[in-house]
Amino acid sequence: MPHMNTFILNCSILECIPKIISNASAIYGRGIGDYFRNALTKFESITGIITLYHLLHPLSYITERLQGRTTDIVYTYSNIQETIDDLNHLRKNVEKETIYQQATRMASKLFVELTIPKITMRQVYRNKLPAESPHEYYKRALIIPFLDTIISEIKIRFQKTNCIAVKILCLIPSIICSEEITAFQELVKIYKSDLPNSEAVDQELMFWKRKWSVIKHEERPNTLAKAIKICNENQYSNPFELLKIGCTLPVTSAECERNFSAMRKLRVWLRASMTADLVH
Numbered sequence: 001m002p003h004m005n006t007f008i009l010n011c012s013i014l015e016c017i018p019k020i021i022s023n024a025s026a027i028y029g030r031g032i033g034d035y036f037r038n039a040l041t042k043f044e045s046i047t048g049i050i051t052l053y054h055l056l057h058p059l060s061y062i063t064e065r066l067q068g069r070t071t072d073i074v075y076t077y078s079n080i081q082e083t084i085d086d087l088n089h090l091r092k093n094v095e096k097e098t099i100y101q102q103a104t105r106m107a108s109k110l111f112v113e114l115t116i117p118k119i120t121m122r123q124v125y126r127n128k129l130p131a132e133s134p135h136e137y138y139k140r141a142l143i144i145p146f147l148d149t150i151i152s153e154i155k156i157r158f159q160k161t162n163c164i165a166v167k168i169l170c171l172i173p174s175i176i177c178s179e180e181i182t183a184f185q186e187l188v189k190i191y192k193s194d195l196p197n198s199e200a201v202d203q204e205l206m207f208w209k210r211k212w213s214v215i216k217h218e219e220r221p222n223t224l225a226k227a228i229k230i231c232n233e234n235q236y237s238n239p240f241e242l243l244k245i246g247c248t249l250p251v252t253s254a255e256c257e258r259n260f261s262a263m264r265k266l267r268v269w270l271r272a273s274m275t276a277d278l279v280h
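In UniProt numbering, the protein residues as written are 1 to 280.
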């Protein structure tokens, strides 16, 4: 739910819950409707929804950009540390977060009691955490662990080697003209053994950049597939090899998937299932 403020989020959920319950009862019977009512009107469910929104919202921007064009991916990787810093700031100032307060206001509108899940002698599905109040319990059992998991997963996904490997995208003519040749030094070190002539890589990269600097930006290739087709393997052996490696790495967005998504807007399921009888 990117770009949705908390007020709209709360109102949307408040409006949807009665409809979900009534629709479930009409389709599956009253028993299922009661099941949904019990599940959605628990304070732990409400707190979980608000927590998901607040802690995942900082990721909405990078998830959108990572599904974008090549230039968007390069920019996102170069600024991923800012997102990690923002999440670490939330972690350090978790006491000041308003997640619990907003969950409390939403619960009051649904007439839901502020409770802590029952604690038994042998906990199986959740941690047995000591807490004097619901606020303390959900902070220790939900907010902090979930935030720590997000930070950990982002650091694993965007390791230093991955961020260096994405530099291959900077070899694309539409991007390389704004890059310094020295920015490729770490990339060359990683793939030095795969290059046909690593001693001449800086010179070939300079010539590759110079080749495209005299061409209009809109006429430069903007994907790895287009760049490798134009790159002369004999003249630019090292850039060609790096582009070939880049084509095998899962750091780029899939153009074919984007085309399928665009086609789905036209060829919807109902239209695909229409026959001559339905048309007439």
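Idealized CB from N, CA, C, for every residue including glycine.
If you follow the alpha helix (DSSP H) that residue i is part of, which residue opens it and which one closes it?
i	result
V188	Q185 to I190
R69	It is not in any alpha helix (DSSP H) - R69 carries neither H nor E in the DSSP assignment.
R210	V201 to S213
I228	L224 to I230
C247	S237 to T248
H89	I80 to K92
E136	P134 to Y138
I175	P173 to I176
Nearest CA to the CA of residue i: which residue from the options?
i	options	result
Q159	R65, D202, S78 and T41	S78
residue 348	E132, E153, T223 and S152	What the structure shows of the chain is the stretch from 1 to 280, and residue 348 is not part of that stretch, so it cannot be assessed.
Q185	Y138, A141, K216 and N238	N238
S45	T182, E233 and T104	T104
L142	L52, Y191, V201 and E179	L52
G48	I99, V201, P58 and L59	I99
E97	P145, K139 and D148	K139
H135	Q102, Y191 and L110	Q102
L55	A26, V112, N23 and H89	H89
K216	E241, F240, S174 and P196	S174
F207	V112, I181, D86 and R65	I181
Give the straight-line distance between the Cα atoms of residue i and residue j, rounded to the nearest whole angstrom.
i	j	result
I80	V166	12 Å
E199	Y75	29 Å
D34	K19	13 Å
I151	T41	29 Å
F43	T115	7 Å
I168	S213	18 Å
V94	I154	19 Å
M106	P221	51 Å
I84	Q67	19 Å
P130	Y137	7 Å
A183	I164	10 Å
P145	E233	50 Å
T149	P58	14 Å
R91	L205	42 Å
V201	Y236	9 Å
N38	C16	15 Å
residue 327	I190	This structure leaves residue 327 out entirely; the chain is present only between 1 and 280.
P117	L187	51 Å
What three-state label does DSSP hand residue i in the structure shown?
i	result
F43	helix
F158	coil
F111	coil
A103	helix
L52	helix
K196	Note on residue identity: the sequence assigns Pro, not Lys, to residue 196. If DSSP states are grouped into helix, strand and coil, P196 belongs with coil.
S253	Unreliable placement is indicated for S253, whose pLDDT of 48 sits below 50; no coordinate value is reported for it.
K19	helix
E95	helix
E180	coil
E233	coil
P58	helix
A26	helix
Would you say residue i faces chain B, with C-beta separation under 7 Å as the test?
i	result
D34	Note that chain B does not occur in the displayed structure, where there is just one protein chain.
Practice task
Determine contact between the stretch 239–249 and the stretch 218–228, defined as no fewer than three beta-carbon pairs at a distance below 8 Å.
Solution key: yes
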